[in-house]
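Q: Here you go, one structure.
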Amino acid sequence: MRSIRHVVAPVVAILALLGCSPTDGAVLPTQPPSAGAAGIGDRDFPLDGNGGYEVSHYGIALGYTPATKRLDGVTTIRARALQPLSRFNLDLSGLQVAEVSVDGAGATFSRQGDELTVVPATPLGSGARFTVKVGYGGQPRPITDSGNLGTFGFIPTPDGAFVAAEPNGAKTWFPANDHPADKATFDFEITVPRGLTALANGELAGEPTTSGGKTTFRWRERHPMATYLATATLGKFELRRGETAGGVPNVAAVDPAYRGSLDKLHTVSGEVTDHWSKVFGPYPFSSTGGVVDDYSAGYALETQTKPMYGGFAPDESIIAHEIAHQWFGNSVTIQRWQDLWLNEGFATYAEWMWSEHRGRTTADAHFAALRARPATDAFWTYPPGRARPDDLFNDAVYKRGAMTLHALRKEIGDQTFFALLREWVERHKYGNATTQQFVTLAEQRSGKQLDTLFDAWLFQPRRPA
Ligand SMILES: [Zn+2]
Numbered sequence: 131m132r133s134i135r136h137v138v139a140p141v142v143a144i145l146a147l148l149g150c151s152p153t154d155g156a157v158l159p160t161q162p163p164s165a166g167a168a169g170i171g172d173r174d175f176p177l178d179g180n181g182g183y184e185v186s187h188y189g190i191a192l193g194y195t196p197a198t199k200r201l202d203g204v205t206t207i208r209a210r211a212l213q214p215l216s217r218f219n220l221d222l223s224g225l226q227v228a229e230v231s232v233d234g235a236g237a238t239f240s241r242q243g244d245e246l247t248v249v250p251a252t253p254l255g256s257g258a259r260f261t262v263k264v265g266y267g268g269q270p271r272p273i274t275d276s277g278n279l280g281t282f283g284f285i286p287t288p289d290g291a292f293v294a295a296e297p298n299g300a301k302t303w304f305p306a307n308d309h310p311a312d313k314a315t316f317d318f319e320i321t322v323p324r325g326l327t328a329l330a331n332g333e334l335a336g337e338p339t340t341s342g343g344k345t346t347f348r349w350r351e352r353h354p355m356a357t358y359l360a361t362a363t364l365g366k367f368e369l370r371r372g373e374t375a376g377g378v379p380n381v382a383a384v385d386p387a388y389r390g391s392l393d394k395l396h397t398v399s400g401e402v403t404d405h406w407s408k409v410f411g412p413y414p415f416s417s418t419g420g421v422v423d424d425y426s427a428g429y430a431l432e433t434q435t436k437p438m439y440g441g442f443a444p445d446e447s448i449i450a451h452e453i454a455h456q457w458f459g460n461s462v463t464i465q466r467w468q469d470l471w472l473n474e475g476f477a478t479y480a481e482w483m484w485s486e487h488r489g490r491t492t493a494d495a496h497f498a499a500l501r502a503r504p505a506t507d508a509f510w511t512y513p514p515g516r517a518r519p520d521d522l523f524n525d526a527v528y529k530r531g532a533m534t535l536h537a538l539r540k541e542i543g544d545q546t547f548f549a550l551l552r553e554w555v556e557r558h559k560y561g562n563a564t565t566q567q568f569v570t571l572a573e574q575r576s577g578k579q580l581d582t583l584f585d586a587w588l589f590q591p592r593r594p595a
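For the sequence shown, the positions run 131 to 595 when my numbering is used.
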């Protein structure tokens, strides 16, 4: 969840000045209700997320029929107003909205682009907890970005759907406050034709139930999750359920075309989960695993508890990367997209550490190979500490981000470096964080002034000296 804004402070200050309290019968100075902002305040993605409220829980009930590509959904959102609200927005892309209610009363609504504006019958007071229910349906359309983001969101496949939504594709399948700064818990109830499997985050809440030729899967993610990490990948799957050696429930699923990779996916995901639990601190969620679907996404996504691998059998390195994201990205989540190196630099560095752990190329050798790239290489012109919205997933965000961590490790030593990583994930567990907070913590724990190091590695468009 987003950190609470200090909206009440001015009221308290005014009351203090007046020397009265609400029990004196004084009339509280109240803000008139106004519209919540159409964006949450990320300057690079101005319409992503929304202002005026924060979500605590999504209950997503979906039916999907692959033959018709038809989705019917009811999403119930529990939220809290951060200001007096006359209206507020949700993000929703495509799909038709049939009805919206707020606290059980019919609400009026309108659509403009990917903004769904909801006008409750009665304005909401600041701090009010409320429930929005949206009934909707249609054929979901994933987002295809002209930059380097590829295709993401709810992506229909011949036997179902591949659902991976980074950075802002959650709105293609449920109405959301679609920005990582507002995390919430999730319940999923997904109904598909009998014979198919629906996979979502967290754990099954009871065994699937079948009636009338359809099967309903109920999944529950009890830990806060960013909207882009939610999934409802569905289709024909072979499953393996078990536990890691360290006792974390482990669910692997593969499309039948990848039957041969099920064992390895299950085993390696478990080994990596247990190993990172020793390096980074306790595994933050209640289960681990992975899913291989036959949609050729050209990427993997670290969807919470079940990384999605789109159209390939992952090698150890990618599994090490996606599982590392459960700490870096999923438990500790970025507050704004420009800090994406906090996800990708860390997960890439985890690939190097895994390689070293397995007795292959060391982290130092990975670093040296990249460091040897000529100063004129375009690689050095993209400062990874400022991920650009039109080129968010640039190689530099990953690799130069990882190099930043290696440079830091060499500067402050292994003992301080690994203690710092563990403190970082413990301190910001299930919340949001920024680059500045990481820099500050690194300086506090090392006792060193690190501005020059971070500036050179994260913010300068040239190869660090
Ligand atoms: Zn990644």
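We put the beta carbon where it would ideally sit given N, CA and C, even for glycine. These numbers come from a predicted model, not from an experiment.
Is it true that the CB of F175 sits closer than 8 Å to the CB of W457?
A: Translated into positions along the sequence shown, residue 457 becomes position 327. Translated into positions along the sequence shown, residue 175 becomes position 45. Contact flag unset, no.
Q: Under 8 Å by Cβ, that's how I've got Q226 and Y266 pegged, so tell me the actual separation to the nearest angstrom.
A: For the purposes of this step, residue 226 is taken as residue 96 along the sequence shown, with counting starting at 1. For the purposes of this step, residue 266 is taken as residue 136 along the sequence shown, with counting starting at 1. The pair is a contact, with the Cβ atoms about 6 Å apart (cut-off 8 Å).
Q: Can you name the start and end residues of the beta strand (DSSP E) that S240 belongs to?
A: Residue 240 sits at position 110 when you count from the first residue of the sequence shown. Where S240 is concerned, the enclosing beta strand (DSSP E) stretches over T238 to Q242.
Q: Assess, as a yes-or-no matter, whether the stretch 321-331 is touched by the stretch 399-413 under the definition of 3 or more beta carbon pairs within less than 8 Å.
A: Touching, no, given that fewer than three Cβ pairs across the two stretches are closer than 8 Å.
Q: What residue range is occupied by the uninterrupted alpha helix (DSSP H) comprising T570?
A: Looking up residue 570 in the sequence shown gives position 440. Element bounds for T570: T565 to S576.
Q: Is the beta carbon of F184 within less than 7 Å of some heavy atom of ligand 1?
A: Along the sequence shown, read from residue 1 onward, the residue named residue 184 stands at position 54. In the sequence as presented, Phe is not what sits at residue 184; that position holds Glu. No, since every heavy atom of ligand 1 falls outside the 7 Å radius drawn around the Cβ of E184.
Q: Are there 16 or more other CB atoms within 10 angstroms of the CB of P386, so buried, or fewer, so exposed?
A: Taking the sequence shown and counting its residues from 1, one reaches residue 386 at position 256. Counting Cβ neighbours within 10 Å, P386 comes out exposed, since fewer than 16 surround it.
Q: Closest to T198 by CA distance: which of V185, P270 and Q574 is it?
A: To locate residue 198, count along the sequence shown from 1; it is residue 68. Nearest option by C-alpha distance: P270.
Q: Tell me the rounded alpha-carbon separation between E229 and R352.
A: The residue given as residue 229 occupies position 99 in the sequence shown. The residue given as residue 352 occupies position 222 in the sequence shown. Using only the alpha carbons, I get a separation of about 27 Å.
Q: In terms of residues, what are the limits of the beta strand (DSSP E) holding K344?
A: Start at 1 with the first residue of the sequence shown, and residue 344 comes out as number 214. K344 to M355 is the span of the beta strand (DSSP E), which, as asked, contains K344.
Q: Taking the alpha-carbon of G283 as reference, which of G268, T302 and G577 has the nearest alpha-carbon?
A: Counting from one through the sequence shown, the residue named residue 283 turns up at place 153. That would be T302, whose Cα lies nearest to the Cα of G283.
Q: Considering Cα atoms alone, identify which of Q465, D469, M483 and N307 is closest to I448.
A: Residue mapping note: residue 448 aligns to position 318 of the sequence shown, counting from 1. Considering only alpha carbons, the answer is M483.
Q: Only counting the same chain, and skipping five residues up and downstream in sequence, which positions put a Cβ closer than 7 Å to that of A498?
A: Reading the sequence shown from its first residue, position 368 is the one you call residue 498. Excluding positions up to five away in sequence, the list is empty.
Q: What are the partner residues of E432, as DSSP defines its beta bridges?
A: Position 302 of the sequence shown, counted from the start, is the residue given in the question as residue 432. Per DSSP, none; premise fails for E432.
Q: With DSSP as the reference, label T410 as helix, strand or coil.
A: In the sequence shown, counting from the first residue as 1, residue 410 sits at position 280. It is Phe, not Thr, that sits at residue 410 in the sequence shown. In this structure, F410 counts as helix in the three-state DSSP scheme.
Q: To which residues of the same chain is Q161 closer than 8 Å at the C-beta, ignoring the five residues directly before and after it?
A: As a first step, residue 161 must be located in the sequence shown, where it is residue number 31. Cβ neighbours of Q161 beyond the five flanking positions: Q213, P214 and S256.
Q: Please look up how many angstroms separate the CB atoms of A572 and L550, rounded, as I've assumed it's under 8 Å.
A: Along the sequence shown, one-based indexing puts residue 572 at 442. Along the sequence shown, one-based indexing puts residue 550 at 420. Rounded, the Cβ-Cβ distance is 6 Å, consistent with contact.
Q: With a 10 Å radius around its C-beta and 16 neighbouring C-beta atoms as the bar for buried, classify G440 as buried or exposed.
A: The residue given as residue 440 occupies position 310 in the sequence shown. Counting Cβ neighbours within 10 Å, G440 comes out buried, since at least 16 surround it.
Q: Rounded to whole angstroms, what is the Cα-Cα separation between G182 and R173?
A: Taking the sequence shown and counting its residues from 1, the one referred to as residue 182 is at position 52. Taking the sequence shown and counting its residues from 1, the one referred to as residue 173 is at position 43. Cα to Cα, G182 sits roughly 17 Å from R173.
Q: Sorted by chain position, which residues of the same chain lie with C-beta nearer than 8 Å to D585's C-beta, five sequence neighbours on each side aside?
A: Position 455 of the sequence shown, counted from the first residue, corresponds to residue 585. Correct list: empty, nothing qualifies.
Q: Please state whether the Cβ-Cβ distance between N597 and D221 is less than 8 Å.
A: The first residue shown for the chain is 131 and the last is 595, placing residue 597 beyond what the model contains.
Q: If I measure Cβ to Cβ from D233 and keep anything under 8 Å in the same chain, skipping five residues before and after, which residues do I get?
A: The count along the sequence shown starts at 1 and reaches residue 233 at position 103. Only P250, F260 and T261 meet the Cβ criterion.
Q: Please list, in chain order, all residues of the same chain as T546 whose beta carbon is under 7 Å from its beta carbon, the five residues on each side excluded.
A: The sequence position of residue 546 within the sequence shown is 416, counting from 1. Closer than 7 Å at the Cβ level, and outside the excluded window around T546, lie R575 and S576.
Q: Which runs of the beta strand (DSSP E) at least 3 residues long sit entirely within the stretch 206-263? Give them in chain order.
A: Entirely contained in the stretch 206-263, the beta strand (DSSP E) runs reaching 3 residues are, in chain order, 215-221, 226-232, 238-242 and 245-249.
Q: Are the beta-carbon atoms of Y425 and F292 separated by less than 8 Å?
A: Locating residue 425 in the sequence shown gives position 295, where the first residue counts as 1. Locating residue 292 in the sequence shown gives position 162, where the first residue counts as 1. Taking 8 Å as the Cβ cut-off, Y425 and F292 qualify as a contacting pair.
Q: Per DSSP, which one or two residues make a beta bridge with R518?
A: Locating residue 518 in the sequence shown gives position 388, counting from the first residue. DSSP lists D521 as partners of R518.
Q: Report the three-state DSSP secondary structure of F304 (helix, strand or coil).
A: As a first step, residue 304 must be located in the sequence shown, where it is residue number 174. It is coil, neither helix nor strand.
Q: DSSP beta-bridge partners for I273?
A: Looking up residue 273 in the sequence shown gives position 143. Answer is F282, bridged to I273.
Q: Looking at P513 and Q567, is the spacing between their C-beta atoms short of 8 Å?
A: Along the sequence shown, one-based indexing puts residue 567 at 437. Along the sequence shown, one-based indexing puts residue 513 at 383. In this structure, P513 does not lie closer than 8 Å to Q567 by Cβ.
Q: Could you check if A480 belongs to the surroundings of ligand 1, using beta carbon to heavy atom distance under 7 Å?
A: For this step, residue 480 is matched to residue 350 along the sequence shown. For ligand 1, not one heavy atom lies less than 7 Å from the Cβ of A480.
Q: Compute the distance between the beta-carbons of T72 and T418, then report whether it is under 8 Å.
A: Because the chain in this structure spans residues 131 to 595, residue 72 falls outside the shown range and cannot be described.
Q: In angstroms with no decimal places, state the Cα-to-Cα distance between G254 and A375.
A: The residue labelled residue 254 in the question sits at position 124 within the sequence shown. The residue labelled residue 375 in the question sits at position 245 within the sequence shown. For the sequence presented, residue 254 should be read as Leu rather than Gly. Taking the straight line from one Cα to the other gives about 49 Å.
Q: Going by beta carbon distance, what residues of the same chain come within less than 7 Å of D154, once the five residues before and after it are set aside?
A: As a working mapping, residue 154 is identified with position 24 in the sequence shown. Residue confidence for D154 is low, a pLDDT of 43 falling below 50, so the modelled location carries little weight and cannot support an answer.
Q: Is E486 closer than 8 Å to G459 when the C-beta atoms are compared?
A: The residue you call residue 459 lines up with position 329 of the sequence shown. The residue you call residue 486 lines up with position 356 of the sequence shown. Contact: no.
Q: Does the distance from the C-beta atom of G365 to that of G299 stay below 8 Å?
A: In the sequence shown, the residue the question calls residue 365 occupies position 235. In the sequence shown, the residue the question calls residue 299 occupies position 169. Result no, Cβ atoms of G365 and G299 do not sit closer than 8 Å.
Q: Return the chain-ordered list of same chain residues with a C-beta closer than 8 Å to the C-beta of D521, the five sequence neighbours on each side being excluded.
A: As a position in the sequence shown, residue 521 is number 391, starting the count at 1. Within the same chain, D521 has close Cβ partners G277, N278 and Y512.
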